[in-house]
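Numbering (the numbering used here), first residue to last: 6 to 321.
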């Protein structure tokens, strides 16, 4: 924190491209009842931050107006990481106590900042909603993303066969993370390439993949849609869904009530953190960048040339 009583944060001057992001002074956060203030060391960059910058994903009521859905740092000298509703791109942020997590043993604060949003998103959808079981097949779209790299590792840890879609340049690394099959979505049909079909589809694409996601399902399959990079609408043959006794669930994490987020965070701490501390799951950090260079980080994310997470350092 600066001696003037303010803190620096990345603000959005108006909806637009990466150049609308500015590293500037903002008021020091004031915690509400049940909140603590984290002195931020690092923050993960997520697609939702890009959508917010474009004016397409406003923060929920009461959340800071500047982006950032996860961070790591200290509270009274104790190292923590946290799931946020916003405000992670800052030197300090107020966080509900139920959304704090300890930094897993063996990880740096920069690595820990890459975990809360992806861990909570993947666990809540793949495990809590879809109920992925050992021996099933998990199809992960966007395997090279932060969500994708985490989902591949969690699926493998749960004993599932994992198929991922990604650009060809990322295939070797995704196989190293545990993917049994990687499909080049620019040249292959993922339905045909997923031999035997999938039991669970983790979908970040949405509309343009809707029918093919149903086509790839086995009987009793489950689609969990968490993103709309391929559009908000699509045509669906409901007969195929009925014949397979399948389901589609669409969820968001950011707008959930605090008590629901606290339940998810508790599940992640109980079921996922031991896997991280054992080295079974590791954060995949493409690179770290100073928080003042958030615009460059967003440009990199929009290019999709990264693999895993981009992490911003508040004092980098």
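Beta carbons are placed, not taken as given, at the ideal position from N, Cα and C, and that holds for glycine.
Since residue i and residue j are thought to touch, with beta carbons under 8 Å apart, how far apart are those beta carbons, to the nearest angstrom?
| i | j | result |
| --- | --- | --- |
| residue 68 | residue 91 | 4 Å |
| residue 41 | residue 100 | 6 Å |
| residue 232 | residue 209 | 3 Å |
| residue 206 | residue 186 | With a Cβ gap of about 14 Å, residue 206 and residue 186 do not count as contacting. |
| residue 230 | residue 195 | Actually they are not in contact, since the Cβ atoms of residue 230 and residue 195 sit about 15 Å apart, beyond 8 Å. |
| residue 98 | residue 105 | Residue 98 to residue 105, Cβ: 11 Å. No contact. |
| residue 74 | residue 103 | With 8 Å as the limit, residue 74 and residue 103 do not qualify as a contact, their Cβ atoms being about 16 Å apart. |
If you follow the beta strand (DSSP E) that residue i is in, where does it begin and where does it stop?
| i | result |
| --- | --- |
| residue 208 | 203 to 208 |
| residue 44 | 40 to 49 |
| residue 17 | 11 to 17 |
| residue 99 | 97 to 101 |
| residue 291 | 290 to 295 |
| residue 83 | 83 to 88 |
| residue 315 | 314 to 318 |
| residue 235 | Here residue 235 belongs to no beta strand (DSSP E), and DSSP marks it neither H nor E. |
| residue 121 | Not the beta strand (DSSP E): residue 121 falls in the alpha helix (DSSP H), residues 121 to 127. |
| residue 106 | 105 to 107 |
With a 10 Å radius around its C-beta and 16 neighbouring C-beta atoms as the bar for buried, classify residue i as buried or exposed.
| i | result |
| --- | --- |
| residue 29 | exposed |
| residue 8 | Any answer about residue 8 is weak, because its pLDDT of 45 lies below 50 and its placement is not dependable; what the coordinates show is given next. Its Cβ having fewer than 16 others within 10 Å, residue 8 is exposed. |
| residue 204 | buried |
| residue 61 | exposed |
| residue 177 | exposed |
| residue 48 | buried |
| residue 259 | buried |
| residue 181 | exposed |
| residue 6 | Because the pLDDT at residue 6 is just 40, under 50, the model does not fix this residue reliably, and the value given afterwards should be weighed accordingly. Flag for residue 6 reads exposed. |
| residue 237 | exposed |
| residue 14 | buried |
| residue 77 | buried |
| residue 257 | exposed |
| residue 273 | buried |
| residue 240 | exposed |
| residue 150 | buried |
| residue 262 | exposed |
| residue 283 | exposed |
| residue 327 | One cannot answer for residue 327 here, as it falls past the ends of the chain, which runs 6 to 321. |
| residue 58 | buried |
| residue 116 | buried |
| residue 275 | exposed |
| residue 19 | exposed |
| residue 322 | Not covered by the structure: residue 322. The range shown for the chain is 6 to 321. |
Mind checking who residue i pairs with in its DSSP beta bridge?
| i | result |
| --- | --- |
| residue 186 | 168 |
| residue 252 | 227 |
| residue 28 | 15 |
| residue 78 | 45, 85 |
| residue 145 | 169, 207 |
| residue 222 | 203 |
Please report the residue range of the alpha helix (DSSP H) in which residue i lies.
| i | result |
| --- | --- |
| residue 159 | 151 to 162 |
| residue 272 | 263 to 276 |
| residue 192 | Residue 192 -> no alpha helix (DSSP H), and no H or E assigned at all. |
| residue 116 | 114 to 117 |
| residue 311 | It is not in any alpha helix (DSSP H) - residue 311 carries neither H nor E in the DSSP assignment. |
| residue 135 | Element bounds for residue 135: n/a, residue is neither H nor E. |
| residue 35 | It is not in any alpha helix (DSSP H) - residue 35 carries neither H nor E in the DSSP assignment. |
| residue 55 | 52 to 58 |
The stretch 298 to 305 touching the stretch 121 to 140, judged by at least three CB pairs closer than 8 Å: no
Stretch-stretch touch, CB-based, cutoff 8 Å, three pairs: the stretch 94 to 111 with the stretch 135 to 154: no
Contact the stretch 151 to 158 vs the stretch 302 to 318: 3+ CB pairs below 8 Å: yes
Three CB pairs or more closer than 8 Å across the stretch 230 to 249 and the stretch 264 to 274: no
Cβ pair count under 8 Å reaching 3, the stretch 73 to 91 against the stretch 20 to 35: no
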